[in-house]
Amino acid sequence: MTGSKIHSLVKDIYNLFEDGNKKIPNQRDIKEFTDNISESVITALSENRQGSRGLRMSSLGKPSRQLWYDLYKPELREHMQSHVKIKFLYGHILEALLLLLAKTSGHTVTDSQKSLELDGVKGHQDAIIDDWVIDVKSASSFGFNKFKKNDLTKETDAFGYLAQIAAYGEANKNSKLAFLAIDKTSGALALCVPDKKDLPNARQRIKELQNDLKNKDVPPQRCYEDEPDGASGNRKLAIGCSYCSYKIDCWSDSNKGGGLRKFIYSRGPRWLTQVVNEPNVHEDLP
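So this is what it looks like as structure tokens:
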């Protein structure tokens, strides 16, 4: 694989910004890029986030209980603040930009946003680049490090990216899979090729989810257990739960039925499920 053209992708994109570069996008690619941006802006300003589109390839990596809420209790989703929506919007714009730059740098980009289906589950891939199934990701500096170090494993994949790309690969009958990632803060790029041993079986995952989501009245078990908050004696949400939009309802029985308590630490909010010793920081009360 070391001789594959895909492995020069990041370097070739960087070279576009060096003095003396002669490569510029053609008008067709520019139009496709601007059309993608227009669609992203319109979608961000008009979409209804309360509804569920059902099981999608992009959601295969999510825990079963979270998907159950998406499907049957979307009204319990936490309100998404405007600045978060803007963050997702410019993430989509950056991802479209990377595909434009990949084309401009001389790489073959095909099947952008191609519709796929695997065992009844639909999805849209980002693109095929140089015959590789590519999923484009924009990430925080912290999240980007996993891509930069090629360290996206089943242990570190907090957002289910591996199941998503595994499904795209299976639907394409193509085992050459990679992530093209951009750091939203620094602009740094990375190509991450996941180890095949870390990729889940997409068809098996679909069967598991279809079974887990059968009962609309009883959710699957919690995705993660809570964990000790240092040596304080308190307990807090695992990171996977802390990012979930349904944590308030899901953990409504915490703190002896009082529900989650949110404390604001210097490194960000912390959701406590059991408070034995009151933290000496501000509590964000509803």
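Here the numbering used here runs 324 ahead of the position in the sequence shown, where the first position is 1.
A virtual CB, placed ideally from N, CA and C, is assigned to each residue, including glycine.
None of the values given here were measured: they were computed from a predicted structure.
- request: Can you tell me the Cβ-Cβ gap for lysine 461 and tyrosine 485, rounded? I've got them flagged as a contact below 8 Å.
  value: To locate residue 461, count along the sequence shown from 1; it is residue 137. To locate residue 485, count along the sequence shown from 1; it is residue 161. A Cβ-Cβ separation of about 7 Å places lysine 461 in contact with tyrosine 485 under the 8 Å criterion.
message: By the three-class DSSP mapping on this structure, what secondary structure does methionine 325 have?
response: Sequence index remark: in the sequence shown, residue 325 carries index 1 (1-based). Confidence at methionine 325 is low in this model, with a pLDDT of 42, below 50, so the placement of that residue should be treated as unreliable; the coordinate-derived value is given next. DSSP places methionine 325 outside both helix and strand once states are collapsed to three, so it counts as coil.
- prompt: Hey, is the segment 355 to 374 in contact with the segment 525 to 537, meaning 3+ C-beta pairs nearer than 8 Å?
  reply: With the cut-off at 8 Å, the segment 355 to 374 and the segment 525 to 537 do not touch.
- request: Within the segment 461 to 537, note down every full alpha helix (DSSP H) run reaching 4 residues or more, in order along the chain.
  value: Here the runs fully enclosed are 465 to 472, 485 to 496, 526 to 536.
Beta-carbon contacts of valine 445 that lie in its chain and below 8 Å, excluding the five residues immediately before and after: Against the sequence shown, residue 445 aligns to sequence position 121. The residues are Leu379, Arg380, Met381, Leu384, Ala491, Ile530.
- prompt: In or out: glutamine 437 buried (at least 16 other Cβ within 10 Å) or exposed?
  reply: The residue labelled residue 437 in the question sits at position 113 within the sequence shown. Exposed is the call here.
message: By the DSSP assignment, the alpha helix (DSSP H) with isoleucine 366 in it spans what residues?
response: Working through the sequence shown from its first residue, we reach residue 366 at position 42. Here the alpha helix (DSSP H) through isoleucine 366 covers 351 to 370.
message: Please classify serine 457 as buried or exposed, where buried requires at least 16 neighbouring CB atoms within 10 angstroms.
response: As a first step, residue 457 is located in the sequence shown; it is residue number 133 there, counting from the start. The amino acid occupying residue 457 in the given sequence is valine; serine does not appear at that position. That one is buried.
field: Pairwise C-alpha distance: isoleucine 354 and serine 569
entry: Residue 569 sits at position 245 when you count from the first residue of the sequence shown. Residue 354 sits at position 30 when you count from the first residue of the sequence shown. So the alpha carbons of these two residues sit roughly 36 Å apart.
query: Taking just the CA atoms, how far does glycine 583 sit from glutamate 399?
result: On the sequence shown, position 75 is the one that residue 399 refers to. On the sequence shown, position 259 is the one that residue 583 refers to. Separation of glutamate 399 and glycine 583 (C-alpha to C-alpha, rounded to the nearest whole angstrom) is 18 Å.
task: Tell me tyrosine 589's beta-bridge partners as DSSP assigns them.
output: Within the sequence shown, the letter at position 265 stands for residue 589. In DSSP, tyrosine 589 forms a bridge with Gly592.
task: Take the Cβ of glutamate 419 as the centre, count every other Cβ of all protein chains shown within 10 Å, and call the residue buried at 16 or more, exposed below.
output: Counting from one through the sequence shown, the residue named residue 419 turns up at place 95. With 16 or more other CB atoms across the displayed protein chains lying within 10 angstroms of its CB, glutamate 419 is buried.
query: Is valine 334 near leucine 476, with beta carbons less than 7 Å apart?
result: Counting from one through the sequence shown, the residue named residue 334 turns up at place 10. Counting from one through the sequence shown, the residue named residue 476 turns up at place 152. The answer is no: Cβ separation not under 7 Å.
Contiguous alpha helix (DSSP H) assignments of at least 4 residues, all confined to the segment 395 to 457: Here the runs fully enclosed are 406 to 428.
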